[in-house]
Structure formats: structure tokens, C-alpha cells
Amino acid sequence: MSGAESADHVSVHLTGCADDDAGVVFGVLEEAFPEGAGPSPTESRPARPGAAAATVWCLVVDARTRRPPRAAGQTLGGAVTVDLFGAADPVRQVKEELAEAFSVEDQGTVPGEHELEARLRLTSRPAG
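Under the UniProt record's numbering, think of the first position of the sequence shown as 1, with each following residue one higher.
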């Protein structure tokens, strides 16, 4: 599996967002899946001359430790791109938890032989 520890683990990669927004998203997931495999280090890769540095925040969650949904209506400073890697059912569970806290736009899924990759765009839910 590319990134996930076992069939019950989902590797979550965040891009295109501020550090604070990554913290909000990971806070939701850490509350929903309290005994995840733990965070991976933040990756920062050297940028091309004249380009901004890209940062990827990574976290691995263990879907077996899922708690009832609690995190409703979290606020983000901007849109967050999320890539999920893992088996279909654990990925579905992570998507459900994110949908409890944010507006989620599904930007595509790529199935593999034993896992799938899903790309989501998260934004704050509209007030009201």
C-alpha cells in the first residue's frame, strides 16, 4: 500500500493550504480516529527558482478506532486539497468524518487493485 500501514489505515495528505488550516483538518481526524498510526513529518521540498515552496502535511489514521462524529462546522481560512490513500471502506469512513466538519467537493477517485486514491477539496460550510 502506498503510504498506509495496513488495510485499516488511511494516509491523508494535505496540500495548498496554510499551516493553521492543516491543523484544523488534522484536529478533526485525530478526534474522530484517536489511535491513528500517527503523523508523518511535514514535507517541504525545494522550489524552483522564483517559485513558492510546496508543503505537504501527512497523517495516517486507523479506521478501526473511529468514534461517533463530533466535529461539526469547523472553520478554514481557505480551501484545502486532501488526498486519501487506502482501502475503500476506511477511505469512505475518513470522507464521512470530513463531511461532518466541512463542505466537501469530491474531485475524483482512482481505484487500484487493493486500494484507492480519492481527492477532495474542503471548505468551511456556509453560515446559516
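Every residue, glycine too, gets a C-beta built ideally from N, C-alpha and C. Here the structure is a predicted model, which means the values were calculated and not measured.
By the 10 Å Cβ neighbour count, where 16 or more other Cβ atoms means buried, how is residue i classified, buried or exposed?
i, result
"residue 97", "buried"
"residue 21", "buried"
"residue 9", "buried"
"residue 18", "exposed"
"residue 44", "Here residue 44 scores only 44 on pLDDT, less than 50, and its place in the model is too uncertain to base an answer on."
Write down the C-beta distance between residue i and residue j rounded to the nearest angstrom, noting that I regard them as a contact closer than 8 Å.
i, j, result
"residue 119", "residue 81", "7 Å"
"residue 109", "residue 115", "Not a contact, Cβ separation roughly 11 Å."
Roughly how many whole angstroms lie between the Cα atoms of residue i and residue j?
i, j, result
"residue 91", "residue 100", "15 Å"
"residue 95", "residue 54", "24 Å"
"residue 28", "residue 102", "10 Å"
"residue 84", "residue 58", "10 Å"
"residue 61", "residue 24", "15 Å"
"residue 41", "residue 14", "In this prediction, residue 41 scores a pLDDT of 43, lower than 50, which makes its location untrustworthy; no coordinate-derived value is stated."
Mind checking whether the beta-carbon of residue i lies closer than 7 Å to any heavy atom of the ligand FAD?
i, result
"residue 30", "The model on display carries no ligand, and the ligand FAD is accordingly not part of it."
Grouping DSSP H, G and I as helix and E and B as strand, with all else coil, what is residue i?
i, result
"residue 54", "strand"
"residue 117", "strand"
"residue 15", "strand"
Please confirm whether residue i and residue j have their CB atoms less than 8 Å apart.
i, j, result
"residue 121", "residue 107", "yes"
"residue 65", "residue 111", "no"
"residue 11", "residue 77", "no"
"residue 16", "residue 72", "no"
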